[in-house]
Amino acid sequence: RKEVEQDPGPFNVPEGATVAFNCTYSNSASQSFFWYRQDCRKEPKLLMSVYSSGNEDGRFTAQLNRASQYISLLIRDSKLSDSATYLCVVNREEYGNKLVFGAGTILRVKS
Amino acid sequence: DTEVTQTPKHLVMGMTNKKSLKCEQHMGHRAMYWYKQKAKKPPELMFVYSYEKLSINESVPSRFSPECPNSSLLNLHLHALQPEDSALYLCASSPLKQGKTEAFFGQGTRLTVV
């Protein structure tokens, strides 16, 4: 089983839709969690950090469920510019800050 | 300011060449990382430096040699690479202050080995 698992998608949604991505992690000792977005041939950019149960920033909401070992990302009112790959990242701090990436979920927002 | 600067942006090298990738950050971050990313795959961790000491080496072949001259700089020395080493090489840094461990990435060096 992979340490961080994501549904690869692609998720094809119309503009204005609400879309949710899930990510599961295998190691219960993981302390901190992040969502990154990556555009084609660009570097990953930090979207949200999740240190406690959740975080909200505008149209984006991240939730952490430690008991079930999953993190979710909700995007409301999708824009064309939200089209990207969304990467779930888990920090294994006991290994000296080892950031482990999921394979990513592709989102395509269409007009 | 969350800027991590990598040079060069593109590099083409032969299998017998020696080259270096450079990474710089002036945010006072205490952890720096090298990742390798192949097309349509997520970044794979190569090395982590925490407080200027190598804390993680993900069993990377010795033809890749990291160096951290000071807290702001990170180099990756390349020697006798193979064509399959062609990839996007990403540098990142993390604050490690007040529990903040998120990484900020540079734009990457796109490496082609011929």
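In order, the protein sequence lines correspond to chains A and B.
Going letter by letter, the first sequence gives residues 181 to 291 in the working numbering.
Going letter by letter, the second sequence gives residues 2 to 115 in the working numbering.
Here a beta-carbon is modelled for each residue, glycine too, at the ideal position from N, C-alpha and C.
As the structure is a computational prediction, the values presented were derived from the model and not from experiment.
Item: Taking 8 Å as the CB-CB cut-off, is V13/B touching chain A?; Value: no
Item: Below 8 Å on C-beta distance, what does P9/B contact in chain A?; Value: Here the premise fails: no neighbours, minimum Cβ distance about 15 Å.
Item: How close, in whole Å, do the beta carbons of T102/B and S95/B come, if the pair is a contact with beta carbons under 8 Å?; Value: 5 Å
Item: Report the option in G100/B, Y90/B and P44/B whose CA atom is closest to the CA atom of Q153/A.; Value: Chain A is shown from 181 up to 291; residue 153/A falls before or after that span and cannot be answered.
Item: Strictly below 7 Å CB to CB, what residues from chain A border E103/B?; Value: F214, L226 and S229
Item: If G109/B sits next to T6/B, beta carbons under 8 Å apart, how far is it from one beta carbon to the other, in whole angstroms?; Value: Actually they do not touch by this definition, with Cβ atoms about 11 Å apart.
Item: For the segment 264-288 of chain A, which residues have a CB atom closer than 9 Å to at least one CB atom of chain B, in sequence order?; Value: T265, L267, V269, N271, E273, Y275, G276, N277, K278, L279, V280, F281, G282, A283 and G284
Item: Who are L111/B's beta bridge partners in DSSP?; Value: Note that residue 111/B is Arg in the sequence shown, not Leu. In the DSSP output, where bridge partners are listed per residue, R111/B has H11/B and L89/B.
Item: Cα separation between K23/B and M33/B?; Value: 12 Å
Item: Taking C-alpha atoms, which residue in F213/A, L287/A and R221/A lies nearest to H11/B?; Value: R221/A
Item: Use the C-beta contact count for G29/B: other C-beta atoms within 10 angstroms, 16 or more gives buried, fewer gives exposed.; Value: exposed
Item: Whole-angstrom Cβ separation of L260/A and A242/A, contact assumed at under 8 Å?; Value: Between A242/A and L260/A the Cβ distance is about 22 Å, and since that is not below 8 Å, they are no contact.
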